[in-house]
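Participant:
Residue numbers (my numbering): 20 to 564.
1. If you scan the stretch 247-313 from start to end, which runs of the alpha helix (DSSP H) of 4 or more residues do you find wholly inside it?
2. Considering just the uninterrupted stretch of the beta strand (DSSP E) at residue 354, what are its terminal residues?
3. Does DSSP classify residue 201 as helix, strand or coil?
4. Starting from residue 509, trace the alpha helix (DSSP H) both ways and give me its first and last residue.
5. If contact is defined by three or more beta carbon pairs under 8 Å, each pair taking one atom from either stretch, is the stretch 268-281 in contact with the stretch 499-514?
6. Could you tell me the distance, in whole angstroms, from the CA atom of residue 422 to the CA atom of residue 506?
7. Taking DSSP as the reference, what is the three-state secondary structure of residue 325?
8. Can at least three beta-carbon pairs, one atom from the stretch 525-543 and one from the stretch 316-329, be found at a separation below 8 Å?
9. How should residue 509 be labelled, buried or exposed, when 16 other C-beta atoms within 10 angstroms of its C-beta is the threshold for buried?
10. For residue 335, count neighbouring C-beta atoms within 10 Å of its own C-beta (all shown protein chains included) and say buried if the count is 16 or more, exposed if not.
11. In whole angstroms, what separates the C-alpha of residue 229 from that of residue 257?
12. For residue 548, which residues does DSSP report across the bridge?
13. State the start and end residues of the unbroken beta strand (DSSP E) segment that holds residue 470.
14. Compare the Cα-Cα distances from residue 560 to each of 492, 269, 262, 333 and report the closest residue.
15. Using beta-carbon positions only, say whether residue 314 and residue 539 come within less than 8 Å of one another.
16. Answer yes or no: do residue 352 and residue 364 have a C-beta to C-beta separation smaller than 8 Å?
17. What is the residue span of the alpha helix (DSSP H) that residue 528 lies within?
18. Per DSSP, what kind of secondary structure is residue 166 in: helix, strand or coil?
19. Using the Cα positions of residue 555 and residue 239, report the straight-line distance between them to the nearest angstrom.
20. Is residue 372 helix, strand or coil when you go by DSSP?
21. Label residue 174 either buried or exposed according to how many other C-beta atoms from any shown protein chain fall within 10 Å of its C-beta, with 16 as the threshold for buried.
22. Going by C-alpha distance, which of 472, 486, 491 is nearest residue 465?
23. Can you name, in chain order, every residue of its own chain whose Cβ lies under 7 Å from the Cβ of residue 524, other than the five neighbours on each side?
24. Taking the alpha-carbon positions, what's the residue 565 to residue 156 distance?
25. When DSSP builds the beta bridges, which residues end up paired with residue 236?
26. Mapping the DSSP letters down to three states, classify residue 408 as helix, strand or coil.
27. With a threshold of 16 other CB atoms inside 10 Å of the CB of residue 337, please say whether the residue is buried or exposed.
28. Can you list, in chain order, the residues of its chain with a C-beta nearer than 6 Å to that of residue 177? Leave out the 5 residues immediately preceding and following it.
29. Check whether the stretch 283-299 touches the stretch 365-372, taking contact to mean three or more Cβ pairs, one atom from each stretch, closer than 8 Å.
30. Pull up the distance between the alpha-carbon of residue 342 and that of residue 553, whole angstroms please.
31. Just reading off the alpha helix (DSSP H) that residue 180 is part of, what are its end residues?
32. Find the nearest neighbour of residue 416 within the set 394, 445, 268, judged by alpha-carbon distance.
33. Using beta-carbon positions only, say whether residue 495 and residue 461 come within less than 8 Å of one another.
34. Keeping to the same chain, check which residues put their C-beta closer than 6 Å to that of residue 551; ignore five residues upstream and five downstream.
35. By how many angstroms is the C-alpha of residue 241 removed from the C-alpha of residue 277?
36. Kindly list the residues whose CB is nearer than 7 Å to the CB of residue 347, restricted to its own chain and excluding five residues on each side of it in sequence; keep chain order.
So, in structure tokens, the structure goes:
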């Protein structure tokens, strides 16, 4: 409904009053604010008038606060940076700790390639001792040894390689290379005996032919010196000598005409060499038919093998070394210090007594044709001419081949190979390359052998000049032999150990422990001489035949 004029006027007046009230209120508020500002300004102006430095201090405080905040932010930034750098450095150190030994070993290879062998080996030693990198260190040693070989320093290379583990196949191959190159150099220089010793250590496919060449050259030298027995022994030891002599004569003398003369119907003709070998082989076959391994002497016990294959023993039995009465089918015996070993006809081996060094662990041996003992070791000759060992020293006999006879003594072992040339675990006991022996015995650094013509040879300076021998034994106290007539000969190193050994009957075998000596006669009796404190000489009632 439309409002009356009066009502409309009233409403307009009310709205105008309201706007007026709002305007008055706003004006009052504005006036109050202005008044407050004025009072504040007056108060500030009054404070400034009272303290003119206040604004300066205020600005300084504000600046200080801002600087403090900025410094705090800067310190936090620096700390974060330090922590990040420290973490990165630690990570780098860890990485270097892992790769630096390898880098150092690579540096060692570089030094070796440049001829600084001492530095390379020092790096290898440090890598092994400080970093525990044994295999990598050995790899660097092999590399260094290879460079030594390339430079012709074979002795240094072989010394390094000898110290590496025995199962290191790479080192073994380098040893063969080093020995071959050294032997070749010695051969070309005319040092045939030393070259022959090295060629003999090489596999047959590598060294056999050149070994025979060395012996033929030595035979020519012996002929020139007038040493006919020596010449004959060397010819007998050299395979195929009848076809090698012409080249050997030219190598030694440089005279092709002389070589032709000596090999064309002369002393070095194929026919003469073959005839010599036939005659001497008959002698060796006769000697080898004599009994051996029928008696044995330990430190304090004696062992005998009966003809029925059973075994008897007497003396000290503290370790059970005399517990052999149950053995059967035995064809050879041997004795160490405190253990006894027997070879059965089927090629197996039995043992009794001390095995503190594994010297009696022979149960797995097969295809054995001969046995021997040193004091704390046992050796077995296999049918293929190789040798196995067990015991304290675990002798390095891996290179022994074509072996026909083995022996052991005080901490040492030896053998005969081919037609009677000697090998030994002790270099000082060697009796010379190419010297043909029918019998051999060894004890420590001393050895004694019998040549095909029955002459005694020994590494002991001052040994007797015996002839007509068929057997020889050496112990820690002396050398003992048997002549072809069954006579016993003895030579003692020290007068205080000397005693008379005269067996009743013809002797066929003699063994010695050093303190007691045991003789087997042709009628099967066993006679003992020397120390009997443990009953080791109580053999008067033994009958082995």
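All residues carry an ideal CB built from backbone N, CA and C; glycine is no exception.
Facilitator: Taking the geometry as given:
1. DSSP runs (the alpha helix (DSSP H)) wholly in the stretch 247-313: 247-256, 260-272, 275-282, 289-307.
2. Residues 349-354.
3. Collapsing the DSSP output to three states places residue 201 in a helix.
4. Per DSSP, residue 509 lies in no alpha helix (DSSP H); the unbroken beta strand (DSSP E) holding it starts and ends at 507-511.
5. No, the stretch 499-514 is not in contact with the stretch 268-281.
6. In a straight line, the C-alpha of residue 422 is about 29 Å away from that of residue 506.
7. Coil at residue 325, not helix or strand.
8. Yes: at least three Cβ pairs fall under 8 Å.
9. Buried: at least 16 other Cβ atoms inside 10 Å.
10. Buried: at least 16 other Cβ atoms inside 10 Å.
11. If I take the Cα positions, the gap works out to 10 Å.
12. Paired residue(s): 536.
13. From DSSP, the beta strand (DSSP E) with residue 470 extends over 465-470.
14. The candidate whose alpha carbon is nearest that of residue 560 is 333.
15. Closer than 8 Å, so yes.
16. Contact: no.
17. That residue, residue 528, is in no alpha helix (DSSP H); its beta strand (DSSP E) goes 526-531.
18. Here residue 166 sits in helix by DSSP.
19. Approximately 50 Å between the Cα atoms of the pair.
20. Strand at residue 372.
21. Exposed, since its Cβ has fewer than 16 Cβ neighbours within 10 Å.
22. Answer by Cα proximity: 491.
23. Excluding sequence neighbours, residue 524 sits near 540, 541, 542, 544.
24. Beyond the ends of the chain as shown, which are 20 and 564, falls residue 565; an answer cannot be given.
25. Partner(s): none; residue 236 has no beta bridge.
26. Correct three-state label for residue 408: strand.
27. Answer is exposed; the Cβ neighbour count stays below 16.
28. Cβ within range, chain order: 197.
29. Under the three-pair Cβ rule at 8 Å, the stretch 283-299 does not count as touching the stretch 365-372.
30. For residue 342 and residue 553, the distance between alpha carbons rounds to 15 Å.
31. Run containing residue 180: 173-181, per the alpha helix (DSSP H) assignment.
32. Checking every option, the nearest Cα to that of residue 416 belongs to 445.
33. No. Outside cutoff.
34. Closer than 6 Å at the Cβ level, and outside the excluded window around residue 551, lies no residue.
35. When rounded, the distance between both Cα atoms is 16 Å.
36. Here the set comprises 328, 329.
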